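Reading through the structure tokens given below for one structure.
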Amino acid sequence: MSQCNLCNDLKKKSEDDVRLAFDFVPSELNRSAEAKCPACNVILAGILHSEDGWTLAEDVTHIYVFALAKEEDSLSLELYFRDDRPKVVLEFYRRERNEVLSECFHALETSTWKAIKPKSPLSGHPLLPTGMKWLITRLDVCKKKHLLCQHPANTNLPKRTLSFRVSTNGKADVRMVENVSQSGRYIALSHCWGPSQLCVLDSKTISQFNISIPWSQLPKTFQDAILFSAKLGVNHIWIDALCIVQDDPDDWERESARMADIYQNSFLTLAATASSNGMGGCFSDAEIVVPSEHELTRLQSFIGLDRIVVRTKLQHWEWPPSKASMKLHPLLQRGWAFQERILSPRVLHFCKDELLWECREENICECGSLPALPETKKQLYLPRNETPPRRTFGRKTWRRVIGKIKITMFRRNKTSPKRRGLSRIAGLLPRKHSHDLFLYQEEASNVTNPEKLDAAENWHRVIEQYSSLSLTKQTDRLPALSGLAIRSSPVLGEYLAGLWKHSLVSDLLWRINKLEHDIVRPTEYIAPSWSWASVTGRVSFWPEPDTRLIEGTSGESYWYLARSELIRRANASRFTATVKSSRLNPYGKVSAATLYVHGYVQPARLQYVSTRVGGTWGYTTSLVEPVPLKYELEFIFPDEGYGPSIELPFFADYVLQAYGPLRIPPNDQLHLLLIHPYMCLVLKSLDEHLKTFRRIGIIRQPVALVYEYGFDWMKSSVESDIQIL
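For the sequence shown, this note's numbering begins at 159 and goes up steadily by one.
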């Protein structure tokens, strides 16, 4: 039988195609099915079985089919309707009858049905036998086969845990216990607190909770976690709200400093991923309503050995996370949960429709459709006991002290990006000048060890993701990351309010990419202005150096001299810092910090840039959708041949025109501090006599101004000793 002109027998037309994809209207599908195309008959039957308040004949206008974009991608359909109802996405999968038939089927993988992957049915509820069986299988595989997930049978218990015994009525006798040099297995809980937590350990409840915690007082999320732990045969659980004395600042500081050990030593972390507060629970009291599944039994003559099933496709979290994905998984947007997920060797996520397993070697969901991470990405931190490939730069120590992370960054090539970039730059420059740039990098970055360089870049990826997450208390911005900071310190050294002494210059190169109207610098002290933790927005880091250079085409001696002078000034910069932090958790809250700088400083003038409509700054003509706010700095150059002045855009750290003590009016004088040949911190003077400043932004000079025009933007700078608070 010739190939179907409509579906191509569910095969890619070319092996070079990114994925199988085609589209059609209902009438085309009906004609192809009548012509006895097996694949089109399967698609038609799946749609007809899935009709729910709509019909293919009357309501569907267009159907889009796709598969094979990734290894786990099974045949999926998107159905679009005549009215404004949302699209319906259907997934086809194989449910194998037994292992013998399965082997036969896999021998036929070149057949039409290669696009329809084997998947698992959903359990319907975590406490049902099917759900527990799925989890036990994952645990068994992890313990026996995952070298990176090896975990001692017993570890030291945290200072406090909840001990419990489940009774026949489905409730548990629970009490808080103090553990002194005791070992055993325990489970940790990761959850959203919500606006308030009604059941907490404090100075008033600690005596009572040592005896008993009434079951009725426990939020549903805690109850579910306890019952699930009991099913696994583990009778100790660590829950922050009930294992840290919430009204004792010293106890809170001590225990937050132990977060790295608590989560990294847990047998399993239960994550209430779909719940936005303590009352939401890990799972429903009733059986979860899973998407209906329809087995296409009447098509057995077409589909042969395996059973093909169609169901509404489940929604999974995405990378990078979208707003829709975050809405379905509230825990993933919480700042505290970030390090809990990273540090835990194994995490079981309770999602809306299914369970999801995440460990150091495997991410898998019940339905089997969790999108794999792109090949251009890799794990940010790898497990401490993995032997690093020789092609990478000394990650051994980094992996050993960190543990693992399940978030990703772009893959490094065989050559370090820093060295690769420098080599590329060197090809554009005269020999002596090339040496000068290498000298700047080695002196200014203070990261000469490739292992530390790699760790510093990884830390930047951590901050870029962490800074986009939510915290109920902005004062937790550093404490909620302290566990990861503690694990990073053996490689990166002295910690400086979210930055590191070894990589201080590159750590200062953070910016707010998209300045929205709600990005502020809190009036309550959280961190020094030179730390990313001092602002509420998502930050990004410039790589050091930025290698997007263009070769000069005019006046080579001018650009060479201008650039040489910029590098000389940058090399002259020196940075030291002092930080006053908690004695109980040096990686947590900061009460004061100062950056001492010897470098080149130059004045500039602030200019506002906006799409001004009706007197409103930063709004489009609709006055509904805000656009990013923009600012410029004006440089005055009398008799320099550049014109009377030049304006350059810069990245502000917060909304500068917002009313309050940190407001900076237009035309106000600012100062630039050169920290890189093409980058300056933008500073606001606090005391001219004492030469104290605060950071308000960062600016990068377009390199074309240097290469094309020999522009020296720091020509009027003065070598100074200053302090940045």
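Note that CB positions come from ideal geometry on N, CA and C, so glycine has one too.
Since we're looking at a predicted model, the values are computed, not measured.
Nearest residue (CA-CA) to residue i, options the options
i	options	result
Thr-326	Leu-356, Leu-385 and Pro-184	Leu-385
Asp-408	Gly-746, Ile-833, Val-767 and Glu-805	Gly-746
Lys-194	Gln-765, Glu-674, Ser-160 and Pro-761	Ser-160
Thr-694	Ala-613, Ala-810 and Ser-502	Ala-810
Asp-360	Cys-198, His-847 and Ile-402	Ile-402
Tyr-789	Ile-857, Pro-761 and Ala-750	Ile-857
Arg-619	Thr-295, Leu-657, Leu-356 and Ser-628	Leu-657
Ser-874	Ala-762, Ile-684 and Arg-518	Ala-762
Pro-744	Leu-233, Trp-515, Ser-414 and Asn-314	Ser-414
Asp-217	Lys-245, Leu-226, Phe-224 and Ala-225	Lys-245
Val-223	Tyr-766, Arg-240, Cys-509 and Leu-202	Leu-202
Trp-494	Thr-633, Trp-475, Leu-629 and Leu-306	Leu-629
Val-358	Arg-343, Gln-340, Ser-341 and Met-334	Met-334
Asp-845	Cys-838, Leu-828, Asn-368 and Met-837	Leu-828
Glu-877	Thr-752, Leu-764, Arg-741 and Ser-731	Ser-731
Cys-525	Glu-519, Arg-518, Lys-471 and Leu-489	Lys-471
Cys-440	Arg-465, Gln-404, Leu-489 and Trp-475	Leu-489
Arg-412	Ala-614, Lys-171, Ile-882 and Ile-644	Ile-644
Burial state of residue i, where buried means 16 or more other Cβ atoms lie within 10 Å
i	result
Asn-393	buried
Tyr-653	buried
Asn-616	buried
His-756	exposed
Lys-169	buried
Gly-204	buried
Arg-189	exposed
Gly-211	exposed
Pro-353	exposed
Gly-328	exposed
Met-872	buried
Lys-362	exposed
Ile-822	buried
Tyr-421	buried
Ala-862	exposed
Ser-424	buried
Alpha-carbon to alpha-carbon, residue j and residue i
i	j	result
Ala-215	Pro-184	7 angstroms
His-884	Glu-512	The structure shown does not extend to residue 884, since the chain is modelled only from 159 to 883, so the question has no answer here.
Leu-540	Asp-406	Reliability fails at Leu-540, whose pLDDT of 34 lies under 50, so the model's placement of it is uncertain and the value that follows must be treated cautiously. Cα to Cα, the separation comes out at about 36 angstroms.
Leu-667	Trp-688	10 angstroms
Val-338	Ile-833	50 angstroms
Glu-336	Glu-622	37 angstroms
Asp-676	Asp-181	42 angstroms
Leu-586	Val-840	At Leu-586, the pLDDT of 32 sits below 50, so the modelled position is not reliable; the number obtained from the coordinates is stated separately. Computed Cα separation, rounded: 29 angstroms.
Ala-691	His-660	18 angstroms
Ser-940	Trp-396	No information on residue 940 is available, as it lies outside the stretch 159 to 883 that the chain covers here.
Met-290	Tyr-754	57 angstroms
Val-200	His-283	29 angstroms
Arg-669	Lys-303	42 angstroms
Ala-655	Asp-665	11 angstroms
Glu-236	Cys-198	15 angstroms
Asn-671	Arg-679	15 angstroms
Ser-749	Thr-736	11 angstroms
Cys-509	Val-324	24 angstroms
Leu-636	His-847	32 angstroms
Met-417	Phe-380	19 angstroms
Ala-191	His-207	15 angstroms
Met-437	Leu-831	50 angstroms
Arg-492	Asn-435	11 angstroms
Gln-308	Thr-850	51 angstroms
Glu-682	Thr-633	8 angstroms
Lys-317	Gln-404	15 angstroms
Bridge partner(s) assigned by DSSP for residue i
i	result
His-304	Looking at the DSSP assignment, His-304 forms no beta bridge with any residue, so it has no partner.
Gln-355	Beta-bridge pairing links Gln-355 to no other residue.
Gln-760	Leu-830
Gln-765	Glu-790
His-507	Ala-429 and Leu-514
Ser-878	Gly-757
Ile-345	Ile-395 and Leu-426
Thr-470	Leu-248
Ala-415	According to DSSP, Ala-415 bridges with nothing at all.
Any non-hydrogen atom of the ligand ADP closer than 7 angstroms to residue i Cβ
i	result
Leu-347	Annotation note on the ligand ADP: not contained in the displayed structure, which lists no ligands.
Count Cβ pairs between the segment 360–377 and the segment 412–429 that sit closer than 8 angstroms; are there 3 or more? no
Does the segment 631–648 come close enough to the segment 502–517 that 3 or more CB-CB pairs lie under 8 angstroms? no
Looking at C-beta atoms only, is the number of pairs between the segment 341–351 and the segment 298–305 that lie closer than 8 angstroms three or more? no
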